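These protein sequence lines map, in sequence, to chains A and B.
My numbering puts the first residue of the first sequence at 62, with every later residue one more than the last.
My numbering puts the first residue of the second sequence at 783, with every later residue one more than the last.
Glycine included, each C-beta is placed from N, C-alpha and C at the ideal position.
None of the values given here were measured: they were computed from a predicted structure.
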Amino acid sequence: MNDLNLLLDTPRYMALFVVILEFALIAFALAQPRNKIRNGFILSTTFSTCYLLGGAMSGAMIRTQGSASNYLSRPGGECLPVDSLPICHQDSLDPNLIGQSCLDACLQINEFQILMSAANWMRFCFVFVYLLPFGAMYFYYALGGKRKDSAYQLIKYICFFLATVSLFSEKIRFRGEWSTPVLMFVFLPCYIYCINVIWRIWMNSKTPDESKRNGLILISVFIPIVSYTILDLILDKSLGLLTFDAFYVHAVNGCLTTSIIAVAITKYGLLKLDLERAAEDLFQNMNDPVMLIRDNLTVARANPAAQNFFGIPEISNADRRLYIQTLLPHFDAISPRFDSKIAFGQNHRIYSCSNSLVSSDGQSTGHILIMRDVTRERELSTMKTEFTSTVSHELRTPLTSILGFARIIQKRLNEVILPQIEVESKKDQRIINQVESNLNVVIQEGQRLTEIINDVLDISKMEAGKLEWKFESISLNELVSQSCSELAAEIKSKGIACEVSLDDNLPNVVADTERISQIMRNLMRNALKFTDSGRIMIKSTLTAQDVIISVKDTGIGIDAQDKEKIFQKYHQLGEVLTDKPTGTGLGLPICREIIERHGGKIWVESLIDVGSSFSFSLPLPLNKSIKAETTKLSSLLSQWRVPKQKINEHAAKSVLIVEDELHIRQLLKQALEPTGVLVFEASDGLDGLNKIRANPPSLVLVDVMMPKLNGFEMVAALKNDPSTMNMPIIMLTVVDEMQRAFGLGVDRYLKKPIEPEKVVQEVHALLNRENVIRNALFIGDPGYGSSDLLTLLQSSNHHIVQIQGLAELSSSIKKQKVHIVLVQASEFNATEVIDELRKHIDLDNVLVKFISNET
Amino acid sequence: MSLKLLICDDEPYIRMLLEQTLEDLEDEDVELLVGKNGEEGLNLILEHRPQLVFMDVMMPKMSGFEVCKTIKLDKKIEGIHIVLLTAKGQEMDREKGLSMGADNYITKPFDPDSLYEYACEQLGIDD
Numbered sequence: 062m063n064d065l066n067l068l069l070d071t072p073r074y075m076a077l078f079v080v081i082l083e084f085a086l087i088a089f090a091l092a093q094p095r096n097k098i099r100n101g102f103i104l105s106t107t108f109s110t111c112y113l114l115g116g117a118m119s120g121a122m123i124r125t126q127g128s129a130s131n132y133l134s135r136p137g138g139e140c141l142p143v144d145s146l147p148i149c150h151q152d153s154l155d156p157n158l159i160g161q162s163c164l165d166a167c168l169q170i171n172e173f174q175i176l177m178s179a180a181n182w183m184r185f186c187f188v189f190v191y192l193l194p195f196g197a198m199y200f201y202y203a204l205g206g207k208r209k210d211s212a213y214q215l216i217k218y219i220c221f222f223l224a225t226v227s228l229f230s231e232k233i234r235f236r237g238e239w240s241t242p243v244l245m246f247v248f249l250p251c252y253i254y255c256i257n258v259i260w261r262i263w264m265n266s267k268t269p270d271e272s273k274r275n276g277l278i279l280i281s282v283f284i285p286i287v288s289y290t291i292l293d294l295i296l297d298k299s300l301g302l303l304t305f306d307a308f309y310v311h312a313v314n315g316c317l318t319t320s321i322i323a324v325a326i327t328k329y330g331l332l333k334l335d336l337e338r339a340a341e342d343l344f345q346n347m348n349d350p351v352m353l354i355r356d357n358l359t360v361a362r363a364n365p366a367a368q369n370f371f372g373i374p375e376i377s378n379a380d381r382r383l384y385i386q387t388l389l390p391h392f393d394a395i396s397p398r399f400d401s402k403i404a405f406g407q408n409h410r411i412y413s414c415s416n417s418l419v420s421s422d423g424q425s426t427g428h429i430l431i432m433r434d435v436t437r438e439r440e441l442s443t444m445k446t447e448f449t450s451t452v453s454h455e456l457r458t459p460l461t462s463i464l465g466f467a468r469i470i471q472k473r474l475n476e477v478i479l480p481q482i483e484v485e486s487k488k489d490q491r492i493i494n495q496v497e498s499n500l501n502v503v504i505q506e507g508q509r510l511t512e513i514i515n516d517v518l519d520i521s522k523m524e525a526g527k528l529e530w531k532f533e534s535i536s537l538n539e540l541v542s543q544s545c546s547e548l549a550a551e552i553k554s555k556g557i558a559c560e561v562s563l564d565d566n567l568p569n570v571v572a573d574t575e576r577i578s579q580i581m582r583n584l585m586r587n588a589l590k591f592t593d594s595g596r597i598m599i600k601s602t603l604t605a606q607d608v609i610i611s612v613k614d615t616g617i618g619i620d621a622q623d624k625e626k627i628f629q630k631y632h633q634l635g636e637v638l639t640d641k642p643t644g645t646g647l648g649l650p651i652c653r654e655i656i657e658r659h660g661g662k663i664w665v666e667s668l669i670d671v672g673s674s675f676s677f678s679l680p681l682p683l684n685k686s687i688k689a690e691t692t693k694l695s696s697l698l699s700q701w702r703v704p705k706q707k708i709n710e711h712a713a714k715s716v717l718i719v720e721d722e723l724h725i726r727q728l729l730k731q732a733l734e735p736t737g738v739l740v741f742e743a744s745d746g747l748d749g750l751n752k753i754r755a756n757p758p759s760l761v762l763v764d765v766m767m768p769k770l771n772g773f774e775m776v777a778a779l780k781n782d783p784s785t786m787n788m789p790i791i792m793l794t795v796v797d798e799m800q801r802a803f804g805l806g807v808d809r810y811l812k813k814p815i816e817p818e819k820v821v822q823e824v825h826a827l828l829n830r831e832n833v834i835r836n837a838l839f840i841g842d843p844g845y846g847s848s849d850l851l852t853l854l855q856s857s858n859h860h861i862v863q864i865q866g867l868a869e870l871s872s873s874i875k876k877q878k879v880h881i882v883l884v885q886a887s888e889f890n891a892t893e894v895i896d897e898l899r900k901h902i903d904l905d906n907v908l909v910k911f912i913s914n915e916t
Numbered sequence: 783m784s785l786k787l788l789i790c791d792d793e794p795y796i797r798m799l800l801e802q803t804l805e806d807l808e809d810e811d812v813e814l815l816v817g818k819n820g821e822e823g824l825n826l827i828l829e830h831r832p833q834l835v836f837m838d839v840m841m842p843k844m845s846g847f848e849v850c851k852t853i854k855l856d857k858k859i860e861g862i863h864i865v866l867l868t869a870k871g872q873e874m875d876r877e878k879g880l881s882m883g884a885d886n887y888i889t890k891p892f893d894p895d896s897l898y899e900y901a902c903e904q905l906g907i908d909d
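Here it is in structure tokens:
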């Protein structure tokens with residue numbers, strides 16, 4: 062009996078030991094950083110502890126009361142404990158005595174049974190309760206798992222299904238001999254699979270933290286398994302119930318449920334871990350310095366690249382004393398996102414990009430600062446510029462001498478020397494002719510060399526983005542006719558006709574005059590080169606979005622496969638050895654580069670022996686439509702009568718900066734003030750307008766993106782008012798808005814990010830521009846334009862031309878640029894007037910107002 | 783008042799070229815002055831006050847820009863027409879040139895005949 066008691070105590074102590082261990086595990090998990098893995102782990106451990114407790118409780122009860130199945134039932138409802146049978150043996154005992162203990166035993170059995178089933182139910186409930194969410198999680202993860210092959214998925218689903226079934230099997234109680242083999246062959250593989258997964262995951266853990274974590278999970282799987290197994294073994298042995306199927310059911314059941322939970326947590330955690338690991342790898346291995354900055358501007362983390370760059374040691378999370386400004390004095394964290402070039406040290410330049418970090422619950426957790434050392438790039442860029450300018454100078458200087466002297470020699474030869482020579486023989490005459498033609502060759506080749514140098518430098522500058530483009534509103538008609546007249550002599554000398562048939566009043570486009578002329582000359586020269594007889598025609602086509610100019614010739618044409626090649630650098634048509642093409646082969650690539658910079662296209666259509674047609678398109682500026690609305694004279698006068706202060710010519714020039722970002726305003730102010738201009742600031746479009754009206758500055762610097770009234774709206778308002786129409790405006794914008802800016806009549810645009818030196822340069826360039834007189838055109842009765850209006854306009858630098866009717870337009874305007882047109886509304890039809898105006902005047906940036914005399 | 787023309791370039795052959803191009807002007811009583819660098823050019827301008835100056839931009843001691851700016855900023859000196867000669871590859875805009883105060887600029891290589899004609903025009907000589 063003593064041995065038995067001792068043996069019966071062991072499960073209790075075992076269970077107690079396991080429970081304590083589990084609590085220890087929970088405590089350990091609580092100490093880990095808060096994350097889902099740790100929370101899941103605690104949850105599963107807690108539940109498995111409860112499961113154990115339930116088992117322990119029932120075990121304890123079994124110890125005291127014996128297993129229910131150990132009781133025999135006797136007829137009449139009495140039950141007797143098995144081991145008390147000798148006492149209850151009918152032969153030897155007093156019936157009364159037996160009955161009493163049996164009765165007692167039976168009473169206790171009932172209570173026990175209740176308690177037993179309660180414990181079982183507790184076990185059941187807990188298992189069910191925790192299986193469901195974690196099982197669901199696992200199931201969910203299985204659906205979204207990385208491995209898409211269906212076999213893998215199928216196995217996972219089956220395991221889950223079986224796990225659920227196994228849970229219920231304890232209650233369902235399969236009957237018959239086949240239950241054991243079924244359980245064995247079905248559940249065992251699932252069990253092995255789960256263990257395998259966890260094992261593999263553990264073997265794959267890369268960091269010590271992960272090993273720890275995965276090890277913990279494994280332990281949390283094994284402890285219950287071991288404990289259940291041992292517990293069940295001992296319990297059942299002590300109760301004489303060691304059966305094969307019971308062992309497996311319990312073991313497998315316990316294993317499976319816990320395994321599934323463990324796998325689910327691990328996989329979920331690992332997914333997150335994989336992402337974290339990937340991010341961490343990136344952070345550690347990036348070439349660019351990256352730093353994480355807290356809200357208080359101290360550095361939280363710096364990757365190895367940043368440590369190298371700044372020469373700082375590794376920063377731990379506990380280190381809260383390193384302020385970003387000690388590393389980057391010019392760091393400005395006012396804007397949550399900004400790109401800027403920061404100076405660092407004497408010669409370094411860093412390009413940085415900063416973004417604020419926000420956690421998933423919307424809390425700001427600091428900034429991430431990604432930098433790139435662009436010192437080398439800048440050096441290279443400077444070197445390239447220096448190279449091109451040195452090369453150009455070095456090449457051109459001797460060339461100047463060669464060409465120049467050759468020409469002088471030619472001149473002297475023709476004017477002085479040759480007239481003095483008396484040619485005596487035919488041979489001598491031949492020699493003289495030879496000398497003359499040789500000299501021509503020298504000059505010609507010298508010119509060709511100049512072209513080559515120009516082309517090479519052009520294209521290298523364009524590619525480096527170093528070419529200075531001067532975009533302005535230009536008239537294509539003028540440009541084309543100018544190019545034609547330049548090349549007229551060359552064309553004529555080859556006996557070819559040149560026809561220009563452009564639409565009469567092509568709208569102006571925003572382009573670089575010099576470059577477009579270059580294109581025209583290039584195309585026409587090409588046409589000339591490849592045409593021996595016939596003509597060259599220049600045509601225009603107008604579409605909704607652009608103007609297309611075509612240069613057609615009746616030359617030898619271009620093969621279909623060569624059409625794309627000719628736009629390649631250094632490619633010349635024809636066999637190099639036999640045809641000896643002239644030129645650099647850079648003309649068309651340069652044209653393409655130029656056109657693409659303007660936002661247009663260039664292409665060729667050609668037929669062999671018939672001719673070719675080279676066309677290029679230039680986009681039309683976004684014109685503001687001329688509104689044909691009537692304004693009252695009185696309201697016009699009051700609108701325009703702004704109390705203007707005559708700007709003292711000798712006073713310092715003033716600049717108004719209209720920009721909503723404080724640090725940009727400060728930057729510009731700091732850049733401009735030392736150069737001798739007064740700087741005023743406005744923080745949005747509306748504020749800007751008010752300040753301009755109150756105190757007109759000499760120049761306005763305006764940003765596009767601003768609250769209340771944006772840059773474009775503000776400029777439109779300024780241009781609508783004659784007193785401010787003249788005012789030079791520099792717009793700070795992004796490239797896409799360039800067309801729109803010019804369409805409005807902005808004088809210069811500067812791209813962001815802003816370079817202060819450039820701004821200063823442009824500001825001064827515009828400030829030094831002379832005051833241009835603007836032309837105002839009155840159409841209508843002389844009387845209607847009141848003297849007030851006239852005075853107003855004249856005082857704001859307007860020259861006034863008055864005509865009675867549209868018929869006089871052609872004679873009076875003479876292709877001058879008109880800035881304001883005032884029309885007597887009562888006499889003229891708005892649409893007619895505008896159409897007629899368009900024919901004679903370029904209506905870009907023209908203010909047209911129809912005035913009525915009504916009050 | 784006698785007419786004076788200053789040529790200023792650090793390259794000897796360019797100086798020679800300019801001299802030869804413009805030497806016919808000597809028949810018209812124009813005095814040709816020659817400078818070898820910026821500093822010399824400036825001194826010659828201050829001393830002789832030529833009406834027309836052809837000056838290279840890239841020169842040692844003082845660049846053509848600086849000389850131009852110095853002369854133009856000096857209110858006491860007037861009536862000097864300065865033409866800057868430049869190789870096209872340099873980052874010189876019309877704007878920059880004008881902001882320095884130059885009256886015109888010519889790119890190299892230049893056409894000697896056009897240069898002569900321009901000089902005649904500026905000095906008021908019929909050709």
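* Asked: Just by C-beta distance, which residues in the stretch 785 to 818 of chain B are closer than 7 Å to chain A?
  -> Hits within the stretch, in order: Glu793, Tyr795, Ile796, Leu799, Gln802 and Thr803.
* To do: With 9 Å as the limit, tell me which residues of the stretch 878 to 893 of chain B have their beta carbon closer than that to any beta carbon of chain A; keep them in chain order.
  => Along the stretch 878 to 893 of chain B, going in chain order, the ones with a CB nearer than 9 Å to a CB of chain A are Lys878, Leu880, Ser881, Thr889, Lys890, Pro891, Phe892 and Asp893.
* To do: Determine the chain A residues that contact B:Met840 at a beta-carbon separation under 7 Å, and present them in chain order.
  => Simply His454.
* Asked: Counting along the chain, where does the alpha helix (DSSP H) carrying A:Val807 start and finish?
  -> It is not in any alpha helix (DSSP H) - A:Val807 carries neither H nor E in the DSSP assignment.
* From what residue to what residue does the beta strand (DSSP E) around A:Ile535 run? -> For A:Ile535, the enclosing beta strand (DSSP E) stretches over residues Phe532 to Ile535.
* Quick check: the stretch 596 to 604 of chain A against the stretch 659 to 669 of chain A, are there 3 or more CB pairs under 8 Å? -> At 8 Å Cβ cutoff, the stretches do not touch.
* Three-state secondary structure assigned by DSSP to A:Asn494 -> Shown here, A:Asn494 sits in a helix according to DSSP, grouped into three states.
* For B:Ile859, which option in B:Leu866, B:Leu880, B:Met840 and B:Pro832 has the closest C-alpha, if you only look at C-alpha atoms? -> Closest option to B:Ile859, judged by alpha-carbon separation, among B:Leu866, B:Leu880, B:Met840 and B:Pro832: B:Pro832.
* **Supposed close pair A:Phe466, B:Leu785 - CB separation, criterion 8 Å** => Their Cβ separation, rounded to whole angstroms, is 25 Å, which puts A:Phe466 and B:Leu785 out of contact at 8 Å.
* Taking the continuous alpha helix (DSSP H) assigned at A:Ile753, which residues delimit it? -> According to the DSSP assignment, A:Ile753 belongs to the alpha helix (DSSP H) that extends over Gly746 to Ala755.
* Counting pairs of beta carbons, one from the stretch 572 to 585 of chain A and one from the stretch 538 to 551 of chain A, are three or more of them closer than 8 Å? -> Yes: the two stretches touch, three or more of their Cβ pairs being nearer than 8 Å.
* Coarse secondary structure for A:Gln865, derived from DSSP in three states -> It is coil, neither helix nor strand.
* Proximity to B:Lys843 [Cα-Cα], best of B:Leu787, B:Ser896 and B:Asp791 -> Put simply, of B:Leu787, B:Ser896 and B:Asp791 the residue whose alpha carbon is nearest the alpha carbon of B:Lys843 is B:Asp791.
* To do: Report buried or exposed for A:Thr592, applying the criterion of at least 16 other Cβ atoms within 10 angstroms of its Cβ.
  => With 16 or more other Cβ atoms within 10 Å, it is buried.
* **Validate contact between the stretch 476 to 495 of chain A and the stretch 883 to 899 of chain B using beta carbons, cut 8 Å, 3 pairs** => Contact fails between the stretch 476 to 495 of chain A and the stretch 883 to 899 of chain B, because fewer than three Cβ pairs, one in each stretch, are under 8 Å apart.
* Leaving out five residues on either side along the sequence, give the residues of the same chain with a beta carbon under 6 Å from the beta carbon of B:Gly817. => Excluding residues within five positions, the ones whose Cβ falls inside 6 Å are Cys790, Gly823 and Leu826.
* To do: Using only alpha-carbon positions, find the residue among A:Ala361, A:Glu506, A:Met352 and A:Asn494 that is nearest to A:Met432.
  => Ranking the options by Cα distance to A:Met432, first place goes to A:Met352.
* **Chain-order list of residues whose beta-carbon lies under 7 Å from that of B:Phe847 (same chain, five-residue window excluded)** => Within the same chain, Val839 and Met882 come within 7 Å of B:Phe847 by CB-CB distance, once the 5 residues on both sides are set aside.
* Asked: Looking at C-alpha atoms only, which residue of A:Leu779, A:His825, A:Val820 and A:Ala826 is the closest neighbour of A:Gly806?
  -> Closest by C-alpha distance to A:Gly806, out of A:Leu779, A:His825, A:Val820 and A:Ala826, is A:Leu779.
* **A:Thr602 - containing beta strand (DSSP E), residue span** => Looking at the DSSP string, the run of the beta strand (DSSP E) that includes A:Thr602 is Arg596 to Leu603.
* Closer than 8 Å by C-beta to A:Glu893: which residues in its own chain qualify, once you throw out the five before and the five after it? Chain order, please. => Within the same chain, A:Glu893 has close Cβ partners Leu867.
* Going by DSSP, name the residue or residues bridged to B:Ser896. => In DSSP, B:Ser896 forms no bridge with anything.
* **Same chain, Cβ closer than 7 Å to A:Pro768, five either side skipped, listed in chain order** => For A:Pro768, same chain residues with a beta-carbon under 7 Å away, outside a window of 5 residues either side, are Asp721 and Asp745 in chain order.
* Asked: First and last residue of the alpha helix (DSSP H) that includes A:His880?
  -> Looking at the DSSP string, A:His880 is not in any alpha helix (DSSP H), and its letter there is neither H nor E.
* To do: Using a Cβ cut-off of 8 Å, pull out every chain B residue sitting near A:Thr511, in sequence order please.
  => Per Cβ cutoff of 8 Å: Pro891.
* CA-CA distance, A:Met775 and A:Leu908? -> Near 16 Å, if we compare the C-alpha coordinates of A:Leu908 and A:Met775.
* Asked: Can you tell me whether B:Val835 is buried or exposed, with buried defined as 16 or more other CB within 10 angstroms of its CB?
  -> It counts as buried.
* Residues that A:Thr574 bridges to, as DSSP identifies them -> The secondary-structure analysis by DSSP pairs A:Thr574 with nothing; it has no beta-bridge partner.
* **Helix, strand or coil at A:Ala361 [DSSP, three-state]** => Reduced to three states, the DSSP call for A:Ala361 is strand.
* To do: Taking only the alpha-carbon atoms, compute the straight-line gap between A:Lys590 and B:His830 and give it to the nearest angstrom.
  => The alpha-carbon of A:Lys590 is positioned some 51 Å away from that of B:His830.
* Asked: Between the stretch 898 to 909 of chain B and chain A, which residues of the former have CB atoms less than 7 Å from a CB of the latter, in chain order?
  -> Result list empty, no residue passes.
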